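Some notes on the structure that comes next.
Residue numbers (my numbering), protein chains in the order written: chain W, 3 to 495; chain D, 10 to 510.
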């Protein structure tokens, strides 16, 4: 183990150290706001470490113990940045929220940081056991966080999450085990070469097991990214969890899962026999996810449930890019997926966090309770409106550019029918996203008492909305970053 | 040409958008907002008149006033540039847009609720529509096409009447449905030719193999634009949206937004898909006639004045389609005439229907009803308004010396050469138009005055200003049509030379 190895995992280490030390600091009866400052500080230092990594010339050497388990590339750095930044925004906007509970403040921050570190490991894992472990490290703190309110609903959602997360992990693990059985290694790089050798001569004997491997891995990840038909847990968990956790869950954990899915679908799936058209499986899952997600969202009265189904629909959109990888448009697919994910994170964070700072969602999170927000709290209503317009995919927002780029790549990859389904879905989604706007601006103010909020959360939300518009007008710099990130993974291939 | 600096089109497009942001962020007083919006609308009008005056009609360039940023989004597989420019086709439509927005701002002067937001959205709308007419990059075109929906959604559902929220949502969902087809078509073109650049596409399209059958892409675009124009059976959003929108917005909706559909058909379908257009010209003719007759018959039965005008718009857009069908003629002169006539019809319908909606809106403010049986004899109390609406009505039925006559003449003249039977059926539409217009005038403005309206006063100065402007346009274009036809012609020649040379 060298200093080099430490540098490579330094962002994760920093976050773990901060996460654990918050628990210790809490013994000294410090003020709650200090805890939040410390945890945000930890995340910012981790970001700085990432920036340092980007500009330094550290490389993974053959002798290092990390050799096979962690990759160090721009894709990893990009996704880690998305994850850390969304954690920062969630924490910035949660200052009011954490005031509302007397106990467990330090646990809240500590668990979020630990989960963040798990997601970061997940987005750079290049070894299947580490991948599995980081999924657990991501999920277990989140399960505890879901129940942090200690209400019945909260506990129920946490229990559901626990059971379904365990089942999905088990399924994924089974897929990993079979892959190990087939190739004799858990190192993704080695698996790639072993598989290429194995199926070089048109070996048909191992096709059934390959199908099983693909099915199990897709199922496992299907749960994590809440794609249909593995989405059942999403609405319940989103509804039951405290809203800041819902925001974190819908953005950061999704980014991490997609980072891992990109690696697997770029490096492992294409080397399995050509007869298995896994791209079509993904495309079908994608089409069903968006359709069911959007149609179900129309029927919801609860804001959180609506957003949960919207998340399912967006998982469907994002899977278009994974399907694109299957037909060989790899670099563009990864780039568009990353860009859309960035946009999606901005939009979802804005939507959730804005609602969080005006409404006490534990009591009432119905869409109706937002009535007349345009009059009573114009700034926040404006931010929610921007996020809804962006989620629908209207210009000039990042949602428009993201969808355009995504659909364009999907079209290029030959999934014309899928793009058509996606476009019609965008039309359907307009109905329920704009309903939120309608309620806010056209209805008379409801009697729901609004929360008073500090300057910091408001500032965070306004900044996010500003980014939504900015990336809609000047998308090029971010698109270039995602392209170089996409190319970094292809070097390995 | 030297004195027009580069960028004047960008100024034209983005000035209202910037003004909207200024209104939203820094102007607090309602009155100030109105004056500011009026200044911006006047500036836009002046700029567009200036462009109109300095437009070089004999230029050999296909597009003028070009303004571009090459790599707005530069990805290998997705290269979008910011590219605006105009030709003879888009120029009059731009002028129409700035005129009608100017009228709309005047027509909204008495607005009292949520003034700031209203003018913000109105100006955003202007930017979006001008953007559609100026864009020469398919994605930019699509961007502005979509951008126009948000302001319309708000304008109808906040300041409208009746079932406004339903109508706004219906309008939005219908157009989005059309855009879905549009985007597929755009992407299909892009992945066949690897460019979104509409100035290069006509030449590139000829030498490249399309990844989808040309017929399929043709129909994709046709559906996309059919929703907007609107073409039967995609028209059902129109009566609702027009009826429930506030006056100024109805003026813009009927006057400018419908033209985006016709413009799209000319600029994309007829330019890029010339052969399918010729093969399927009978569809233009057939749908055109269906629009004309079906629209007119339904109009006859309307009792709500705004709904009546809305359905008459459907009928009039049928003439535009009938004009497009002349593309199938083997004689290029007739093609030219037909397409010019169709473009003229778009312009004249904009001014005529704009005036009709405006007058009805003014009348509604006074009588508080648009229900025809409740009205009657209004000419005694509202002489000015009656004159305006009579002129608009007569122009609408194509009376000689009004602008409506010229465009319908051109359309029938050229379409008759290709589809005589359809044209003959279409011409009967004029009779129906005369029927519903005159009947409407008779029931509303002539006859016995309802006692309720004894105390009505005629239009005020501000309102008469916009009425004069539109009446002037209708008569002036009717008497001196070549001021527009000559410009439209250069645009159509461009399109045809590009596509069939």
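Glycine residues also receive a C-beta, built at the ideal position from the N, C-alpha and C atoms. Keep in mind the model is a prediction, meaning the values are calculated, not measured.
- Residue 372 of chain W places its beta carbon 7 Å or farther from that of residue 308 of chain W.
- Annotation: Cβ neighbours of residue 200 of chain D in chain W (cutoff 7 Å, chain order): 413 and 414.
- Taking residue 40 of chain W as reference, the option from W:81, W:110 and W:74 with the minimal CA-CA separation is W:110.
- Assigned with DSSP and collapsed to three states, residue 155 of chain D falls in helix.
- In the same chain as residue 395 of chain W, and ignoring 5 residues on each side of it, the C-beta atoms closer than 6 Å to its own belong to 401, 402, 405 and 428, in chain order.
- Contacts between residue 397 of chain W and chain D, judged by CB atoms closer than 7 Å, involve 152, 155 and 156 in chain order.
- In the three-state DSSP reduction, residue 218 of chain D falls in the coil class, being neither helix nor strand.
- A direct Cα-to-Cα measurement between residue 422 of chain D and residue 99 of chain D gives close to 24 Å.
- Residue 258 of chain W sits away from residue 147 of chain W, with the two beta carbons spaced by 7 Å or more.
- Judged by beta-carbon spacing, residue 115 of chain D lies beyond the 7 Å limit of residue 368 of chain D, meaning their Cβ atoms are not closer than that value.
- Annotation: residue 465 of chain W has no Cβ neighbours in chain D at a cutoff of 9 Å; minimum Cβ distance is about 16 Å.
- Interface residue (Cβ-Cβ distance to chain D less than 7 Å): residue 426 of chain W is classified as such.
- The Cβ atoms of residue 196 of chain W and residue 326 of chain W do not sit closer than 7 Å to each other.
- No residue range can be given for residue 311 of chain D, since it is assigned to no alpha helix (DSSP H) and is classified by DSSP as neither H nor E.
- Contact annotation: residue 140 of chain D and residue 76 of chain D have beta-carbon atoms that are not nearer than 7 Å.
- Taking 7 Å as the CB threshold, residue 447 of chain W stays off the interface with chain D.
- If the five residues before and after residue 346 of chain W are omitted, its C-beta is found closer than 6 Å to the C-beta atoms of 316, all from its own chain and listed in chain order.
- Among the residues of chain W, those whose CB is under 8 Å from the CB of residue 186 of chain D are 426 and 429, following chain order.
- The C-beta of residue 230 of chain D comes no closer than 7 Å to any C-beta of chain W.
- Collapsing the DSSP output to three states places residue 321 of chain D in a helix.
- Only 163, 166, 167, 174, 178 and 181 from the stretch 163 to 181 of chain D bring a Cβ to less than 8 Å from some Cβ of chain W.
- The contact set of residue 29 of chain W on chain D, defined by CB atoms closer than 9 Å, is empty, because the minimum CB distance reaches about 48 Å.
- When the alpha-carbon of residue 171 of chain D is set against those of D:96, D:92, D:249 and D:123, the nearest one is in D:249.
- Of the other Cβ atoms in all chains shown, 16 or more fall within 10 Å of the Cβ of residue 315 of chain D; this residue is therefore buried.
- One Cα belongs to residue 318 of chain D, the other to residue 168 of chain D, and the distance between them is close to 20 Å.
- Considering only beta carbons, no part of the stretch 64 to 77 of chain D lies closer than 8 Å to chain W.
- Within chain W, no C-beta atom comes nearer than 9 Å to that of residue 40 of chain D; the closest sits roughly 21 Å away.
- Here residue 228 of chain W is actually not in contact with residue 358 of chain W; their C-beta atoms are around 20 Å apart, not less than 8 Å.
- Ranked by Cα distance from residue 360 of chain D, the first of D:388, D:392, D:411 and D:394 is D:411.
- When DSSP reads this structure, residue 127 of chain W sits in a beta bridge with W:72.
- Taking a beta-carbon distance threshold of 7 Å, residue 478 of chain W counts as an interface residue toward chain D.
- D:228 is the residue among D:224, D:228 and D:206 whose C-alpha sits nearest the C-alpha of residue 187 of chain D.
- Of the residues assessed, residue 354 of chain D falls on the buried side of the cut-off, its CB having 16 or more other CB atoms within 10 angstroms.
- Put simply, the CB of residue 407 of chain W is near chain D, with a gap under 7 Å to one of its CB atoms.
- Here the stretch 369 to 384 of chain W does not lie against the stretch 111 to 118 of chain W, with fewer than 3 beta-carbon pairs under 8 Å apart.
- Within 9 Å of the CB of residue 80 of chain D, the CB atoms of chain W belong to 478, in sequence order along the chain.
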